[in-house]
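Novice: Mind looking over this structure? Questions follow.
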Amino acid sequence: MILIVNDMKPSDIFKCEKCGDCCKGYGGTYVTEKDIEAIAAYLKTDPKSFIKDYCYMSGRRPVLAQQKDGCCIFWDKLCTIHPVKPKMCKQWPFIKSVLIDVNNWQIMAGFCPGMRIDVPDDIIKECVRKELLKNQ
Ligand code: SF4
Ligand code: SF4
């Protein structure tokens, strides 16, 4: 069933169910310089050591390492760095790639039970825009 409701809020189309599936090996979690500083401080280490011990490089960008089972290195039944988790994790699922191709929303929803798929594309894009603006 397709909803025809204008003025929906981001919270109307996504509610995290805390299943942790997005932390379980679906590709890299990039960390920004700000993320690196915040996480390193939280772990009482320095940015260089943090990158060496907890990341791998994807091209020139550091990405959080994964455990053997594919889970994020910081996943242990919950996110162990929740107060300082990377921007990418905080923004999920309101990310730029949905604006580039709204079909990414449906793909992401395939493993994220908190995302609604019965919402028209233009409303999804509007909600993503709103959240991205809020988090700039
Ligand atoms: S997959 Fe979705 S619902 Fe599950 S923890 Fe991640 S964001 Fe929340
Ligand atoms: S940093 Fe936390 S929220 Fe982000 S992928 Fe790792 S465990 Fe999940």
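Taking the working numbering, I'd label the letters of the sequence shown as residues 129 to 264. Beta carbons are placed, not taken as given, at the ideal position from N, Cα and C, and that holds for glycine.
So which residues put a beta carbon under 7 angstroms from any heavy atom of ligand 1, going in chain order?
Specialist: The filter returns C144, E145, K146, C147, G148, D149, C150, C151, W220, P221, F239, C240, P241, G242, M243, in chain order.
Novice: Measure the beta-carbon distance from C183 to L192 and round it to whole angstroms, keeping in mind my assumption that it falls under 8 angstroms.
Specialist: C183 to L192, Cβ: 6 angstroms. Contact.
Novice: Going straight from the alpha carbon of I209 to that of W203, what length do you get?
Specialist: When rounded, the distance between both Cα atoms is 9 angstroms.
Novice: Looking at C-alpha atoms only, which residue of G187, I141, P138, K137 is the closest neighbour of V159?
Specialist: Ranking G187, I141, P138, K137 by Cα distance to V159 puts G187 first.
Novice: Which value, in whole angstroms, describes the spacing of the CA atoms of V212 and Q195?
Specialist: Taking the straight line joining both Cα atoms gives about 19 angstroms.
Novice: Can you grab the Cα-Cα spacing for the pair A169 / C151, in whole Å?
Specialist: Rounded to whole angstroms, A169 to C151 spans 22 angstroms at the Cα level.
Novice: For the beta strand (DSSP E) that M185 lies in, which residues bound it at each end?
Specialist: Per DSSP, M185 belongs to the beta strand (DSSP E) from 183–186.
Novice: Rounded to a whole number of angstroms, what is the C-alpha to C-alpha distance between I141 and K218?
Specialist: So the alpha carbons of these two residues sit roughly 16 angstroms apart.
Novice: Rounded to whole angstroms, how far is the Cβ of C200 from the Cβ of T157, which I believe are closer than 8 angstroms?
Specialist: Confirmed, Cβ separation roughly 6 angstroms.
Novice: What is the DSSP secondary structure of W220, reduced to helix, strand or coil?
Specialist: Here W220 sits in coil by DSSP.
Novice: Reducing DSSP to helix, strand and coil, say where Q195 ends up.
Specialist: Three-state DSSP puts Q195 in coil, outside helix and strand.
Novice: Would you mind working out which of C207, M243, K258 sits nearest K224, comparing C-alpha positions?
Specialist: That would be K258, whose Cα lies nearest to the Cα of K224.
Novice: If you count every other CB in all the chains shown that lies within 10 Å of the CB of F239, and 16 or more means buried, which is it?
Specialist: Counting Cβ neighbours within 10 Å, F239 comes out exposed, since fewer than 16 surround it.
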